[in-house]
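Last residue of the sequence shown? That's 345 in this note's numbering, and every number before it is there in order. C-beta: ideal position from N, C-alpha, C; glycine also. Predicted, not measured: the structure shown is a model, and the values here were computed from it. Notes follow the structure.
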Amino acid sequence: MAKTKQEKLEAKLEREYYRKHRSQIKKTPADRVFDVINYTMFGCFTLICIFPFYYLFINTISDNKLVQKGLISFFPRGINFDNYIRILQVNDLFRSIGVTFARTFLGTAMMVGASALVGYLVTRQEMWGRSIWYRFIVVTMYFNAGIIPWFLNMSMLGLTNNFLAYVIPGIVAPYNIILVKTYIESSIPMELQETAKLDGATSLQIFFKVIWPLSKPILATIAIFGAVGQWNSFQDSLILMQSAPELYTLQHRLYIYLNASSNLSALMSAGSTSGISQSVLDSALNGKVIKYTISMVTIIPILCVYPFMQRYFEKGIMLGAVKG
């Protein structure tokens, strides 16, 4: 632990020294050319990454007729937020948002806890059958029974039309267990565990007081993986919750809305609008705008969370990749 604090202190002093003396560092013309090229390339790469989200957003707040004609490219025109207002009026939308948030939080928390514990256990030399259990976990990454056997299995376990179907199957994540195991072996000195063991700590005490606090970077990394997967998951809601609309996820609910709006737009295009009120026809959006708006609604929460986890994500991936 002292060594870790010393390394952090040295890194902090080095950064402070660089900030104070970087104005005194003389750069050669070659250094300046390299800086210009470097900043230009990364600036262009940043714009390439940001522009798709910007393009989606300006199309969702622009006039729908202009969007349908493909006249919105760089700047919004006829700014309005009617598309988002219509999305918010979707039946049971807020219930679906609550279900999605609940499954994301619970599923991610349980997956992170299980991955951390199992990843730690398979590093313990005294664990019985350690290699066998670890290989058994890894094998599950390469074999999949298919959708029908999976559905039959979930039915026999009573996980159809059940909220637990969102949480239980994702608790064991082999890839994340591998990341945690690799991180512990490559980044946490075994001497720390041996010292704690000599002081009388049990394996669980070592896990909670030594391994868990020092594994925050990799735990944050797998938390991002798990949260994104849970938030975007759609197939389990579509297949398993057929008789429980109150358990539909946000993606499933918006998928239903997309289909309904697309069908209505198709009827309008074919001229088969008899029996449909004018107010409903006026509220129908073209398929392109619907897709843009739904895409923005589903990615905004992840975009808001990701920047706060970025530093842990980068550190966890780099340190976990040192040793295979």
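With fewer than 16 other beta carbons inside 10 angstroms of its own, MET162 counts as exposed. VAL231 is positioned such that its CB atom lies no closer than 8 Å to that of ALA137. In terms of Cβ geometry, ILE192 and MET148 do not form a close pair [threshold 8 Å]. PRO195 is positioned such that its CB atom lies no closer than 8 Å to that of TRP252. Going by beta carbons, ASP113 and ALA186 fall outside the 8 Å limit. The Cβ atoms of ALA241 and THR129 do not sit closer than 8 Å to each other. Within the same chain, Cβ atoms closer than 8 Å to the Cβ of VAL111 are found at ARG274, LEU275 and TYR278, the five residues on either side in sequence being excluded. Cβ contact annotation for VAL143 (same chain, cutoff 7 Å, sequence separation greater than five): ARG151, TRP154, TYR155 and LYS202, in chain order. Between ILE82 and ASN59, the gap from beta carbon to beta carbon reaches 8 Å or more. Its Cα nearest to that of TYR327, the residue VAL249 stands out among VAL249, TYR313, THR319 and ILE189. Shown here for LEU271: same chain residues with a beta carbon closer than 7 Å to its own, the five before and five after excluded, namely SER117, ILE118, THR121 and THR319 in chain order. Looking at the backbone, the Cα of PHE72 and that of TYR141 are separated by about 41 Å. When CYS325, THR314, GLU267 and VAL310 are compared, the shortest CA-CA separation from PHE115 is found for GLU267. Listed in chain order, the non-local C-beta contacts of PRO170 below 7 Å within the same chain number zero, local neighbours out to five positions each way being set aside. Close CB contacts of LEU235 within its chain, under the 6 Å cut and outside five residues either way in sequence, are with ILE209 (chain order). Around the Cβ of ILE69, a 10 Å sphere holds fewer than 16 other Cβ atoms; the residue is exposed. The beta carbon of ILE108 is closer than 8 Å to those of LEU114, LEU275, TYR278, THR314, ILE315 and VAL318 in its chain, skipping five residues each way along the sequence. Of ARG124, GLY91 and ASN85, the smallest CA-CA separation from TYR105 is found for ASN85. Burial state of ILE227 is buried, judged by a 10 Å Cβ sphere holding 16 or more other Cβ atoms.
Taken in chain order, the complete alpha helix (DSSP H) segments of 4 residues or longer contained in the segment 173–250 are 195–208, 211–219 and 224–227. Judged by DSSP in its simplified three-state form, TRP252 adopts helix. Just so you know, the alpha carbons of SER94 and LEU87 end up roughly 10 Å apart. When the alpha-carbon of GLU215 is set against those of GLN146, MET262, GLN263 and MET175, the nearest one is in GLN146. One alpha carbon belongs to ILE189, the other to ILE199, and they sit about 19 Å apart. Excluding the 5 residues flanking it on each side, LYS312 has same chain C-beta neighbours closer than 8 Å at LEU279, in chain order.
Ranked by Cα distance from PHE246, the options ASN197, LYS48, ILE158 and PHE63 are led by ASN197.
Between LEU261 and MET175, the gap from beta carbon to beta carbon is short of 8 Å.
For ALA166, no alpha helix (DSSP H) segment is defined, and its DSSP state is neither H nor E. In this model, ALA222 and CYS325 are separated by some 40 Å (Cα to Cα).
Contact check for PRO50 and ILE79: beta-carbon distance about 41 Å, past the 8 Å limit, so the pair fails to qualify. With a 10 Å radius around the Cβ and a threshold of 16 neighbouring Cβ atoms, ILE168 comes out exposed.
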